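Heads up, the thing below is written out as structure tokens.
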Amino acid sequence: MTDTTSTEALFPEFGPVTAAQWAAKIQQDLKGANPRDLHWQSYEGIDVAPFYTQKDLPREAAFFSAPGQYPYLRTAKQDRNAWVNLQPVRATGKGREAVDKAVDALTRGADGIHFIMLNGFDFDCDYLIQEIDLSKVPVAYTVSTEAANFLHHLTTGLHRKKISLDSLRGFLKCSPIMSSESYKQLDMEHALHLLEQTLDAPNFYALTINGSHFSNKGATLVQEVAITLAIAVCYTNGLSCEIMPVERIFQNMQFHLAAGTNYFFEIAKFRAVRLLWAKVVEAYGAPPEAAGALRIHASTSRWHQTTLDPHTNLLRHTTEMMSAVIGGVDSVEVEPFDSTFREENAFSERIARNIPILLKEEAYLDQAIDPAAGSYYLEYLTKEIAEKAWALFQDIEGRGGFIPASNSGYIHDLIKETSSQKFKAIANGSEVLVGTNKYPNANEQHDFDPEQLIQSKQFDNTRAAYSYEVMRLATELHYRKKNRRPHALVIHMGNALQEHIHASFAREFFTCSGFTTQVEKFDTVSAALATVKEMDVQVIVMAAPDKQFHDFAETFAKGMRSQHQPGPALILADNPMHLKDELRAHGFDEFLFQGCDTAEIISRIQERLGT
195 MTDTTSTEAL FPEFGPVTAA QWAAKIQQDL KGANPRDLHW QSYEGIDVAP
245 FYTQKDLPRE AAFFSAPGQY PYLRTAKQDR NAWVNLQPVR ATGKGREAVD
295 KAVDALTRGA DGIHFIMLNG FDFDCDYLIQ EIDLSKVPVA YTVSTEAANF
345 LHHLTTGLHR KKISLDSLRG FLKCSPIMSS ESYKQLDMEH ALHLLEQTLD
395 APNFYALTIN GSHFSNKGAT LVQEVAITLA IAVCYTNGLS CEIMPVERIF
445 QNMQFHLAAG TNYFFEIAKF RAVRLLWAKV VEAYGAPPEA AGALRIHAST
495 SRWHQTTLDP HTNLLRHTTE MMSAVIGGVD SVEVEPFDST FREENAFSER
545 IARNIPILLK EEAYLDQAID PAAGSYYLEY LTKEIAEKAW ALFQDIEGRG
595 GFIPASNSGY IHDLIKETSS QKFKAIANGS EVLVGTNKYP NANEQHDFDP
645 EQLIQSKQFD NTRAAYSYEV MRLATELHYR KKNRRPHALV IHMGNALQEH
695 IHASFAREFF TCSGFTTQVE KFDTVSAALA TVKEMDVQVI VMAAPDKQFH
745 DFAETFAKGM RSQHQPGPAL ILADNPMHLK DELRAHGFDE FLFQGCDTAE
795 IISRIQERLG T
């Protein structure tokens, strides 16, 4: 951590800057606006200021521990920030195709493999051992059923190949135990069996606590951390005995957490987890080194993954992995950017695999241990997340622990309330999902069937973007069946500057809203009526003086009545609020013009004019 004296010695031309000076500079730059408007509060209830100083650094001794020293805030690694890049591979049946795919991935940059399988009993462990050297390659396994049998077949195969168990590297994640929907009980006997089979494998973690499950349902960072700790404590209490002392359980325990898009918060979250876990280990009276054995696996967030404008997921995944790596995780896993709507394919898997590679080979993030250390903001966030997560963890323990708190509905209600807040924020645009509720691509083309996707069981309906996507896709399906998108005609009449502005504004508004938009200029009402009569449009927008608008509207309405047709919506061009109100009144879904506000329209006009 750099102090004022060393800073002055290194850069004598720069004097120290006080908090008051920063505040004065901000006040000056805001030109009269209230600096309090720059403050905001996160879903976790953390107040965030526009700047931080040395006074905001935590004073607790734990925040000054060095790398490799208890309480392992800066990970237990002392040499470099090494992480393992795992590629997820789904396995069905005997899994031989999955193994072949894994072998190919290892030649293309993956450090290890994460097999995700439904039935562990059917998986051909002998073929796996034959094709991949498990003593050199980290391999993880998520098993939905028969996890103990799978592990038995794996260890038996190792013996046949004369590979020692202590050379095995990777982890086991058991879905029914750690990630079920109900959480009514945890199978301690099964977990104990898994631990006993891997006692001689110090680098293989058989007990994975899946906190990512809660994050992917919309939980806050604080909730994800607190609930993960509560499950870990629940297992520890249920498994500890003479043959399985707590330090042995801790040595075999791993946390699986999701990395979300709140960049700095996520960095702080991973640091806070290690700090709190050290506190749990201390409470059990286990050796401090047991805290350093904690392994953290991070995967990209399913909650933030979107189907619309899917390439924006690449940006999300990159920042998510940066947060995880800077936060000091042990392994990472990137979901393909198109996984919400497309089957596995080589292209998106390659891109996903390359993101951690770029962070290592081009960004050199493996060269620094805990690069967040000393940042006033990040140290403050780490402390805030740790304190709030610990308070929630104690609340859960006060309710009897994870199982009673889960069975009473307390944990479910916590997450439901948070996810509801997030859904509302996305609906009103205060939380932005680029390409979905903000800056949608009006010309986006899909190579999937919207109806089939919406009805698919694989289409994850717990994601943040789900409700928005369903509305957009349902509307697209409606117009696809009609073989058209909604068409808006902007009629420009008159030479006044105001009419020019309104016509330009209307054009950009409806283009932003996903309409095919056409602008026509007429000198007379009769000429406009004659042209409109031959056109198939859903909305007519007039940028015209009031008299011409009313003359057109009266004659147009008579013509529609004579044909017994409702006709298109007729709207006077004006500001976005008025246009939105008129569209609502004519039955158009509000999501079509979500995000098409005044600032967005002006920006589009400026881009078109090249200014």
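The sequence shown runs 195 to 805 under the numbering used here. In this text, a Cβ means the ideal position worked out from N, Cα and C, and glycines have one as well. A quick note: this is a predicted structure, and the numbers were derived from the prediction, not measured.
Can you give the Cα-Cα distance for E390 and A400, rounded to whole angstroms?
Between the alpha carbons of E390 and A400 lies a distance of about 9 angstroms.
If you compare alpha carbons, which of K741, F344 and A567 is closest to I461?
-> Answer by Cα proximity: A567.
For Y570, the nearest candidate out of V427, T455 and K249 (CA to CA)
Closest option to Y570, Cα to Cα, is K249.
Practice item. Please state if the CB of V278 and the CB of S525 are separated by a distance shorter than 9 angstroms. Key: With contacts defined as CB atoms closer than 9 angstroms, S525 and V278 qualify as a contacting pair.
Close-in-space but distant-in-sequence residues of the same chain around L627 (CB under 7 angstroms, 5 per side omitted): Counting only Cβ-Cβ distances below 7 angstroms, and skipping sequence neighbours, we find T500, I620, A658 and A659.
**Message:** Using the Cβ count rule (16 or more neighbours within 10 Å means buried), how would you classify N622?
**Reply:** Around the beta carbon of N622, a 10 Å sphere encloses fewer than 16 other beta carbons of the protein chains shown; the residue is thus reported as exposed.
key: Candidates I443, L348 and I605: closest to L393 by CA position   = Taking only the C-alpha atoms, the option nearest L393 is I443.
Margin query: Quick check on this structure: which residue in R354, Q324, M311 and H346 has the alpha carbon closest to the alpha carbon of V337?
Written below: Looking from the CA of V337, the closest CA among R354, Q324, M311 and H346 belongs to M311.
Name the one or two DSSP bridge partners that G364 has.
-> G364 pairs with V333 and F398.
- prompt: Whose C-alpha, out of A793, F205 and L502, is nearest the C-alpha of E663?
  reply: Just measuring C-alpha positions, the residue of A793, F205 and L502 sitting nearest E663 is L502.
Based on the DSSP output, what are the partners of H696 in its beta bridges? In the DSSP output, where bridge partners are listed per residue, H696 has none listed.
Problem set entry | Q448 in three-state terms, based on DSSP | In this structure, DSSP gives Q448 an extended state, which the three-state scheme calls strand.
Fill in: Residues near E207 by beta carbon distance below 8 angstroms, same chain, minus five either side
Once the five neighbours on either side are set aside, E207 has no close Cβ partner at all.
In terms of residue numbering, what span does the beta strand (DSSP E) encompassing V523 cover? Bounds of any beta strand (DSSP E) do not take in V523, whose DSSP letter is neither H nor E.
* To do: Taking all protein chains shown into account, decide if D241 is buried (16 or more other Cβ within 10 angstroms of its Cβ) or exposed.
  => Exposed, because fewer than 16 other Cβ atoms sit within 10 Å of the Cβ of D241.
Checklist entry - So H505 and F535 are in contact, right, with Cβ under 8 angstroms, and what is the actual spacing, rounded? => result Going by Cβ atoms, the distance from H505 to F535 rounds to 13 angstroms, so no, they are not a contact pair.
Does the Cβ of Q649 have 16 or more other Cβ atoms within 10 Å, making it buried, or fewer, making it exposed? Burial call: exposed.
Report task. Express the C-alpha separation of Q221 and P210 in angstroms, rounding to a whole number. Result -> Approximately 19 angstroms, taken between the alpha carbons.
* Express the C-alpha separation of Q692 and Q163 in angstroms, rounding to a whole number. => Past the edges of the chain, shown from 195 to 805, lies residue 163, and the structure says nothing about it.
#### Entry: CA-to-CA distance, P244 to T196, given in whole angstroms
Low confidence applies here, because T196 scores a pLDDT of 40, under 50, leaving its location unreliable; read the following figure in that light. Rounded to whole angstroms, T196 to P244 spans 21 angstroms at the Cα level.
Per-residue DSSP class, three states only, for T198: Here T198 scores only 47 on pLDDT, less than 50, and its place in the model is too uncertain to base an answer on.
Original post:
Does DSSP put E714 in a helix, a strand or coil?
Top reply: Note: E714 maps to strand in three-state DSSP.
(Q) Considering just the uninterrupted stretch of the beta strand (DSSP E) at M771, what are its terminal residues? (A) Premise fails: M771 lies in the alpha helix (DSSP H), P770 to A779, not in any beta strand (DSSP E).
| message | Helix, strand or coil for D643? Go by DSSP, reduced to three states. | response | In the three-state DSSP reduction, D643 falls in the coil class, being neither helix nor strand.
Query - Buried or exposed by the 16-neighbour rule on C-beta atoms within 10 Å, applied to R510 - result: When all chains shown are included, R510 counts as buried.
message: Using 8 angstroms for Cβ pairs, my map puts A540 next to T494. What's the rounded Cβ distance?
response: Going by Cβ atoms, the distance from A540 to T494 rounds to 19 angstroms, so no, they are not a contact pair.
Endpoints, the alpha helix (DSSP H) within which F464 is located: From DSSP, the alpha helix (DSSP H) with F464 extends over Y457 to A477.
Which residues in the same chain as I326 place their Cβ atom closer than 8 angstroms to its Cβ, once the five residues preceding and following it in sequence are excluded?
Excluding residues within five positions, the ones whose Cβ falls inside 8 angstroms are V293, A296, V297, L300, I307 and V333.
Burial state of N275, where buried means 16 or more other Cβ atoms lie within 10 Å:
Classification of N275: buried, given that the 10 Å Cβ count is 16 or more.
| task | Please name the residue, chosen from F464, S409, A747 and W497, that lies closest to T576 on a Cα-to-Cα basis. | result | Cα-wise, what sits closest to T576 is F464.
Note down, in chain order, each residue of its chain lying with its Cβ closer than 6 angstroms to the Cβ of Y478, except the 5 sequence neighbours on either side. Here the set comprises V440.
- prompt: Is S373 helix, strand or coil by DSSP?
  reply: Bear in mind that the predicted position of S373 carries a pLDDT of just 40, short of 50, making it unreliable; the figure below should be weighed with that in mind. Reduced to three states, the DSSP call for S373 is coil.
Exercise. Between I605 and the rest of its own chain, which residues show a CB-CB distance below 7 angstroms, the 5 nearest in sequence each way excluded?
Worked result: Closer than 7 angstroms at the Cβ level, and outside the excluded window around I605, lie I421 and A599.
* To do: Within its chain, find whatever has a CB closer than 7 angstroms to the CB of K715; leave out the 5 residues flanking it on each side and keep chain order.
  => Taken in chain order, the residues that qualify are H686.
Q. In three-state DSSP terms, what is S493?
A. When DSSP states are grouped into helix, strand and coil, S493 belongs to the strand group.
Here's the rule: buried if 16 or more other CB atoms are within 10 angstroms of the residue's CB, otherwise exposed. What is A580?
Buried, because 16 or more other Cβ atoms sit within 10 Å of the Cβ of A580.
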